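Sequential numbering from 293 applies to the sequence shown in the working numbering.
Working notes, beginning with the structure itself.
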Amino acid sequence: MVQGSANLNTEVNEKWLQEYIDSWVDFFKKQTVDGEVADYIPILARADQEALGISIIGKNGLTIRSGITEEKFTIQSISKVLTFIVACMERGLAYVLNRVDVEPTGEAFNSIMHLQISQPKKPFNPLVNSGALTVSSMLEGKTSDQKLETLFLLLEKIIGYRPELNIETYESERDTSMRNRAIGYYLLEGGYLESDLGITLETYFKQCSIEITIDDLARIGLVLSNDGFDPYTNEEIIPRAISRLAKAMMLTCGMYDASGKFAAYVGIPAKSGVSGGIMAVVPPRVREDDFPFLDGCGIGVYGPSLDKQGNSIAGIKLLKHIANQWDFSLF
Ligand code: GLU
Numbered sequence: 293m294v295q296g297s298a299n300l301n302t303e304v305n306e307k308w309l310q311e312y313i314d315s316w317v318d319f320f321k322k323q324t325v326d327g328e329v330a331d332y333i334p335i336l337a338r339a340d341q342e343a344l345g346i347s348i349i350g351k352n353g354l355t356i357r358s359g360i361t362e363e364k365f366t367i368q369s370i371s372k373v374l375t376f377i378v379a380c381m382e383r384g385l386a387y388v389l390n391r392v393d394v395e396p397t398g399e400a401f402n403s404i405m406h407l408q409i410s411q412p413k414k415p416f417n418p419l420v421n422s423g424a425l426t427v428s429s430m431l432e433g434k435t436s437d438q439k440l441e442t443l444f445l446l447l448e449k450i451i452g453y454r455p456e457l458n459i460e461t462y463e464s465e466r467d468t469s470m471r472n473r474a475i476g477y478y479l480l481e482g483g484y485l486e487s488d489l490g491i492t493l494e495t496y497f498k499q500c501s502i503e504i505t506i507d508d509l510a511r512i513g514l515v516l517s518n519d520g521f522d523p524y525t526n527e528e529i530i531p532r533a534i535s536r537l538a539k540a541m542m543l544t545c546g547m548y549d550a551s552g553k554f555a556a557y558v559g560i561p562a563k564s565g566v567s568g569g570i571m572a573v574v575p576p577r578v579r580e581d582d583f584p585f586l587d588g589c590g591i592g593v594y595g596p597s598l599d600k601q602g603n604s605i606a607g608i609k610l611l612k613h614i615a616n617q618w619d620f621s622l623f
């Protein structure tokens, strides 16, 4: 479905854009058979492996959706971009960057090998679990609900409603996540955490269990595309410097050990989550060519069938195709 009026600076009209997107979703949906739905958090195994949906929301108001577009799913690791933004807004960039670095690890999201080998004074980046738990520990507030209140308020401002916490998903991860508890104890031993480990883990499991849609992800991506300003109200929601750093983190670390390939072959900041979400940011481009969304857009993708790196296998292929067809790449 295409919404919103748009003075497309291209000959291609909205009907053609929708037909393109529909055909591309139909084509890449077939690739879902090559992946697997996550099941290490038991409740995630309920997802439909063949599901694939996309929402693209432009600064010019044009919205294109296709495939599974209404599904609510948990944000999972995409929340790490948002807690990093909130921590920077609450504590200041210098405080956060003094406690978590901005370097990719090239390893799985829940690995601590890089920490054990390099013994750095701070976790490598805020988008792997070691860095994300460190960031969750520094959010203001004593309880997990207090720590996440600013995140909920930020989300409400961007997506227009207060999202729900999926309690079943929270409990499913809380009751099974040995790996994150091990990472948490390693961080505690290294003096990285600013809060009680139990509260930090509770905060992290809750932030990952916030329910969103692909439209919500596209709206967040659009604000980041617009350097932290809401293009419809022109209100600065995220300070520009923080928005830019968040995009840099997404570009270099957002797709885990596939981040290098994604930056090279897709070329836009993106963050994935194991429930199959991808949030992508397409900044304004200076090309004069006839492409849609030249002044930027946000993209939300849902495709729970994952590849070995824990990214949506069909979602990545769909994004790569669209980025190449519509010249989204930064480079
Ligand atoms: N809650 C998940 C975990 O920590 C998030 C992983 C992801 O989405 O990449 O394992």
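All C-beta atoms, glycine included, are put in the ideal place defined by N, C-alpha and C.
Bear in mind that the values here come from a model prediction, so they are computed numbers and not experimental data.
{"Query": "By the DSSP assignment, the alpha helix (DSSP H) with K539 in it spans what residues?", "Result": "R532 to C545"}
{"Query": "Along the chain, where does the beta strand (DSSP E) containing R466 start, and where does it finish?", "Result": "Element bounds for R466: not the beta strand (DSSP E) but the alpha helix (DSSP H), I459 to R466."}
{"Query": "Can you name, in chain order, every residue of its own chain whose Cβ lies under 8 Å from the Cβ of V325, other than the five neighbours on each side?", "Result": "Q341, E342 and S597"}
{"Query": "How about V593: is its Cβ closer than 7 Å to a heavy atom in ligand 1?", "Result": "no"}
{"Query": "Answer yes or no: does any C-beta atom of chain B fall closer than 8 Å to that of T375?", "Result": "Going by chain labels, chain B is absent from the structure shown, which holds only one protein chain."}
{"Query": "Can you grab the Cα-Cα spacing for the pair G568 / L489, in whole Å?", "Result": "27 Å"}
{"Query": "Tell me, please, whether the region 326–340 touches the region 452–470 by the rule of three or more beta-carbon pairs shorter than 8 Å.", "Result": "yes"}
{"Query": "Would you say the beta carbon of F401 comes nearer than 7 Å to a heavy atom of ligand 1?", "Result": "yes"}
{"Query": "Look at the alpha carbon of F319 and the alpha carbon of R357, and state the distance between them as a whole number of angstroms.", "Result": "15 Å"}
{"Query": "List the residues that DSSP assigns as beta-bridge partners of M571.", "Result": "K563 and G592"}
{"Query": "Using only the heavy atoms of ligand 1, determine whether one of them is closer than 7 Å to the beta carbon of V566.", "Result": "yes"}
{"Query": "Taking one C-beta from the region 529–544 and one from the region 600–616 each time, how about it: are there three or more such pairs within less than 8 Å?", "Result": "no"}
{"Query": "Using three-state DSSP, classify K609 as helix, strand or coil.", "Result": "helix"}
{"Query": "Following the continuous alpha helix (DSSP H) through T495, name the residue where it begins and the one where it ends.", "Result": "L489 to C500"}
{"Query": "Between C500, V574, K563 and G588, which lies nearest to I367 when the distance is taken from Cα to Cα?", "Result": "C500"}
{"Query": "Starting from the Cα of I472, find the closest Cα among S428, Y453, R511 and V515 and give me that residue.", "Result": "According to the sequence shown, residue 472 is Asn rather than Ile. Out of S428, Y453, R511 and V515, S428 has the C-alpha closest to the C-alpha of N472."}
{"Query": "Can you give the Cα-Cα distance for V558 and S621, rounded to whole angstroms?", "Result": "6 Å"}
{"Query": "Give, in chain order, every unbroken run of the beta strand (DSSP E) that is at least 3 residues long and sits entirely within the region 333–393.", "Result": "345–350 and 355–359"}
{"Query": "Is G423 near ligand 1, going by C-beta to nearest heavy atom under 7 Å?", "Result": "no"}
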